[in-house]
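Structure first, then comments.
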Amino acid sequence: METIRLTTAQALIKFIQQQYVSIDGEEHPFVEGIFNIFGHGNVLGFGEALEQNPGNLKIIQGKNEQGMAHAAIAYSKQMLRKKIYAITTSSGPGSANLATAAGTALANNIPILLLPADTYATRQPDPVLQQVEQEHSIAITTNDALQPLSRYWDRITRPEQLMSSLIRAFEVMTDPAKSGPATVCISQDIEGEAFDYDVKFFEKRVHYIDRRLPNQRELDGATDLIKTSKKPVIVVGGGAKYSEAREVLIEISERYDIPLVETQAGKSAVESSFKNNLGGLGITGTLAANKAAQQADLIIGIGTRFTDFATSSKTIFNFETTKFLNINVSRMQAYKLDAFPIVADAKSTLEALIPMLEGYKSEFGNSITELKEEWLVERDRLSKITFNRENFNPEIKNHFSQEVLNEYADALNTELPQTTALLAINETIDPDSVIICAAGSLPGDLQRLWHAEVPNTYHLEYGYSCMGYEVSGTLGLKLAEPDKEVYTIVGDGSFLMLHSEFITSLQYNKKINVLLFDNSGYGCINNLQMDFGNGSYFCEFRTDDNQILNIDYAKVAEGYGAKAYRANTVEELKAALEDAKKQDRSTLIEMKVLPKTMTDGYDGSWWNLGVPEVSNQEGVQKSYEFKKQKLQNAKQY
């Protein structure tokens with residue numbers, strides 16, 4: 001056996017350079033590069049290995065471990081999971097900062113390779129700097145916190161363990177059914193320890209991501225369910241996007257009059273202008289999609305997890321009359337809602353089903369067009385909302401009094417409604433631009449209002465709805481889409497939570513555009529408080545003497561070296577957007593928007609939350625009684 005002597009870290013870097021994936025006959029390297037923040041535990045091992053032999057890997061210096069991991073997640077998601085970035089961090093707090101990102105990747109089934117340093121395998125100098133200690137086990141380290149947040153997790157305490165561990169990690173990351181974060185923790189002394197590795201371990205390795213085909217039993221069962229249904233509805237999930245099922249979704253929808261509704265992850269799998277695309281479903285859904293779902297006697301889930309937002313906490317469907325058919329590469333997901341499961345690739349399954357449905361037509365007929373037209377009228381109304389200082393505007397959420405709304409208008413020097421600003425952006429940026437969002441009230445507005453006219457231009461992280469993903473994720477978008485304009489649509493709360501990789505975008509000349517909606521508070525959660533009968537409690541950004549905070553975010557961006565704009569009117573916003581297109585560096589457009597000017601829920605958009613059973617507030621009492629009524633017909637499994 002021919003061997004080569006390398007340190008564990010050198011072997012790891014050499015190995016990942018030789019990992020390829022093959023999808024539909026196209027082959028390419030799987031690992032694009034490595035994000036790093038060097039510190040105690042990884043600078044001498046990983047740092048030396050990368051310095052000596054980075055090969056074809058792109059090496060990017062991050063500013064926050066969570067931020068750079070979010071950038072890697074966004075990159076992989078936008079690349080439809082065909083490529084990844086790896087992440088190396090120091091031990092202790094460096095690896096602890098990965099926890100939020102690992103949860104984000106796991107919830108969204110996104111492959112990334114996490115390489116946090118660990119404490120000493122020999123334990124000779126223990127406790128080392130940044131090591132936690134537990135009395136019941138000396139083996140526990142910070143990295144154990146990543147175990148429940150990883151699809152695959154391992155700790156390397158001997159150099160030779162690396163070989164089996166990495167093969168297993170890449171098997172998991174390249175499996176569509178269980179794809180997610182793979183965490184390989186390497187003891188910092190072992191990073192530098194040498195071993196005589198078999199040279200065959202470093203030969204080119206191709207991971208084949210084959211489309212799993214449905215069997216005849218599954219196809220026959222699905223055909224029978226669809227042909228005996230009168231009003232089937234297709235729920236387009238993220239799996240449909242990863243399967244690249246756009247053309248076949250359009251074909252089955254057109255041929256058999258089956259409307260499409262979207263989850264956040266599935267939006268832009270099919271462009272919004274497609275005549276049978278009724279938009280977002282559920283809590284943040286459109287009126288059209290929710291009406292169609294409530295009429296449906298068969299729900300066909302395509303690559304969806306059926307989260308509470310898509311199902312309105314399992315209250316939007318009539319479970320007495322509605323059946324479910326799930327197509328998913330994950331057996332676990334396919335079983336949800338007691339559905340007839342097809343454990344197979346979305347695109348391949350639909351291609352096989354289309355000819356088997358010959359002669360079928362749903363009873364939706366022209367009502368699909370009517371539902372869509374009704375919603376477009378409402379969308380147009382929302383684009384023209386204005387604020388009235390004198391008389392309360394019934395188009396704006398009435399949780400705040402006219403006096404409080406006027407206070408915000410004065411403090412922020414604005415009368416700009418959020419929905420008006422959002423739709424102005426949709427009209428102004430180039431259609432092939434890619435937008436990203438994750439948390440707050442903006443995801444709801446986007447799922448309802450945003451028209452994605454080019455496939456895969458709508459990027460929402462809503463599996464974890466992680467505040468702080470937005471700006472960091474936009475860097476990942478730019479790495480995936482270097483020739484397109486990329487925009488983060490972010491609230492002030494999320495921007496304050498984390499925007500470290502905005503600086504990285506400037507450092508590496510990767511232009512991103514930050515569209516910052518500032519309503520001086522956690523507006524989404526403030527709405528939630530008041531929707532369920534509570535007062536406004538600690539969700540507004542106010543000083544100790546009750547003054548509304550007015551932060552100059554444009555000045556912050558200018559200090560970083562970005563091109564910054566202030567836009568508090570539609571005219572100023574459109575002008576800023578047009579000028580931002582001409583820039584060759586990252587930009588930030590600060591918009592002061594009024595609270596309570598986001599979209600509200602439409603028919604079928606109820607959300608099951610932990611409303612107190614005992615309260616002295618009448619509004620809370622009413623909310624609890626309403627919840628009991630809603631849950632009477634909700635499915636429990």
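Take the sequence shown: its letter number 545 is residue 545 in the UniProt record's numbering, and every next letter is one higher.
All C-beta atoms, glycine included, are put in the ideal place defined by N, C-alpha and C.
The continuous alpha helix (DSSP H) containing Tyr624 extends over residues Glu618 to Leu631.
Close CB contacts of Phe38 within its chain, under the 6 Å cut and outside five residues either way in sequence, are with Gly47 (chain order). Here DSSP, grouped into helix, strand and coil, assigns Glu590 to strand.
Going by beta carbons, Ile316 and Pro232 fall outside the 9 Å limit.
Contact between the segment 325 to 338 and the segment 186 to 204 is not established, with fewer than three Cβ pairs separated by less than 8 Å. In chain order, Gln18 and Tyr20 place their CB closer than 7 Å to the CB of Lys204, counting only its own chain and leaving out the 5 sequence neighbours on each side. Counting only the Cα atoms, Leu98 lies some 37 Å from Phe340.
Pairing Thr183 with Leu149 gives a Cβ-Cβ distance under 9 Å.
Rounded to whole angstroms, Leu594 and Pro417 show a C-alpha spacing of 6 Å. His40 is positioned such that its CB atom lies closer than 9 Å to that of Gln130.
Under the three-pair Cβ rule at 8 Å, the segment 551 to 565 counts as touching the segment 483 to 502. In this structure, DSSP gives Asn534 a state outside helix and strand, which the three-state scheme calls coil. Between Ala480 and Gln78, the gap from beta carbon to beta carbon is short of 9 Å. In its chain, beyond the 5 residues on either side, Gly463 have a beta carbon closer than 6 Å to the beta carbon of Asn108. Ser383 and Leu506 do not touch by the CB rule: their CB atoms are close to 33 Å apart, not below 8 Å.
Annotated three-state conformation of Gln61 is strand, per DSSP. Under the three-state reduction of DSSP, Asp24 is assigned to coil, being neither helix nor strand.
Listed as beta-bridge partners of Asp518 by DSSP are Lys592. Each residue's CA atom was taken as its position, placing Leu549 and Tyr487 some 25 Å apart. Under a 10 Å Cβ-count criterion, Glu485 is classified as buried, with 16 or more other Cβ atoms of the shown protein chains found around its own Cβ. In the three-state scheme derived from DSSP, where H, G and I count as helix and E and B as strand, Gly561 is classed as coil.
Note: His459 is bridge-paired with Ile436 in the DSSP secondary-structure output. Contact between Thr263 and Leu281 holds: their C-beta atoms lie close to 6 Å from each other, under 8 Å. DSSP places Asp175 outside both helix and strand once states are collapsed to three, so it counts as coil. For a cut-off of 8 Å, the C-beta gap from Gly33 to Lys58 is around 3 Å, short enough to register as a contact.
With a 10 Å radius around the Cβ and a threshold of 16 neighbouring Cβ atoms, Met68 comes out buried.
Judged by DSSP in its simplified three-state form, Trp375 adopts helix. Residue range Pro232 to Val236 is occupied by the beta strand (DSSP E) that includes Val236.
Around the C-beta of His136, fewer than 16 other C-beta atoms lie within 10 Å, and the residue is accordingly described as exposed. The Cβ atoms of Tyr522 and Cys539 lie closer than 9 Å to each other. Taking all protein chains shown into account, Val514 has 16 or more neighbouring C-beta atoms within 10 Å of its C-beta and is therefore buried. In this chain, the alpha helix (DSSP H) harbouring Ile250 covers Arg246 to Tyr256. With a cutoff of 9 Å on beta-carbon distance, Ala452 and Ser272 are scored as near each other. One thing to note: Ala96 has its Cβ no nearer than 9 Å to the Cβ of Ala245. Residue pairing from DSSP leaves Tyr553 without any beta-bridge partner. DSSP, read as helix, strand or coil, puts Ala86 in strand.
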